[in-house]
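Scroll down for the structure; my scribbles are underneath it.
Numbering (full-length UniProt numbering), first residue to last: 1 to 215.
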């Protein structure tokens, strides 16, 4: 153990023998401090590399402390907001789907469509071709248009127009023109000299007359 005290250089921070008046490393003159006020340490002297390193370390410690403080504040704010949200908002209960029963899945009974009752075909016993109030006859000669009428018996129901059919066996001799207002009426018009049969048919019953035209 050495009895000679060691002195720390205030500039380079190295220690040397207290017997020397200057630092053997950097040549800085040794300053004798007052016995009442302790001299600054190398870390406290900003003019020394040791003091500069201490200042840098202190700056980084300050920055790290500020970052840590901000992180703690943010964590506290997040925790408070989460607790407020969880306490004020009621979590909705899940909706349970309704499963229909077997009776609901069964198709309802569809009533059968009623079949319309067909209209019965009327029974016609006779049809007679009339000219005016008299039957036309079996053989007639015309020289001008003649209006004939079909007399239907019995007339129990209304007979549709398509059920009353007028026909000429030779339209080049006599043509037939059925009235649009009354299908029982028909105009016989001569076209060319000759003779033909004019027939009216209603539900299977018919009457025929020989019509001659002299042009």
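By construction, the Cβ of each residue, glycine as well, lies at the ideal position given by its N, Cα and C atoms.
Between residue i and residue j, is the Cβ-Cβ spacing less than 8 Å?
i           : j           : result
residue 205 : residue 127 : yes
residue 209 : residue 124 : no
residue 48  : residue 13  : yes
residue 191 : residue 176 : no
residue 188 : residue 148 : yes
residue 16  : residue 23  : yes
residue 166 : residue 186 : yes
residue 7   : residue 30  : yes
Since residue i sits in a beta bridge, which residues does DSSP pair it with?
i           : result
residue 139 : 210
residue 164 : 202
residue 64  : Its beta-bridge partners do not exist; DSSP assigns none.
residue 29  : 22
What is the rounded straight-line gap between the Cα of residue i and the Cα of residue j?
i           : j           : result
residue 211 : residue 142 : 7 Å
residue 37  : residue 10  : Confidence in residue 37 is poor, its pLDDT being 49 and thus under 50, which makes the residue's placement unreliable; the coordinate value appears in the next sentence. Answer to the nearest angstrom: the Cα atoms are 16 Å apart.
residue 53  : residue 60  : 11 Å
residue 203 : residue 116 : 22 Å
residue 121 : residue 154 : 13 Å
residue 201 : residue 112 : 39 Å
residue 214 : residue 163 : 31 Å
residue 137 : residue 159 : 24 Å
residue 169 : residue 118 : 33 Å
residue 63  : residue 78  : 23 Å
residue 183 : residue 150 : 9 Å
residue 83  : residue 76  : 11 Å
residue 152 : residue 139 : 20 Å
residue 146 : residue 178 : 12 Å
residue 172 : residue 114 : 50 Å
residue 20  : residue 58  : 33 Å
residue 4   : residue 68  : 47 Å
residue 73  : residue 28  : 49 Å
residue 81  : residue 66  : 23 Å
Counting along the chain, where does the beta strand (DSSP E) carrying residue i start and finish?
i           : result
residue 173 : Taken as a continuous stretch (DSSP letters only), residue 173 belongs to no beta strand (DSSP E), as it is neither H nor E.
residue 7   : 6-8
residue 131 : 126-131
residue 151 : 146-153
residue 17  : 15-17
residue 48  : Here residue 48 belongs to no beta strand (DSSP E), and DSSP marks it neither H nor E.
residue 189 : 185-190
Taking Cβ positions only, does residue i come closer than 8 Å to chain C?
i           : result
residue 115 : Looking for chain C here will not work: only one protein chain is present.
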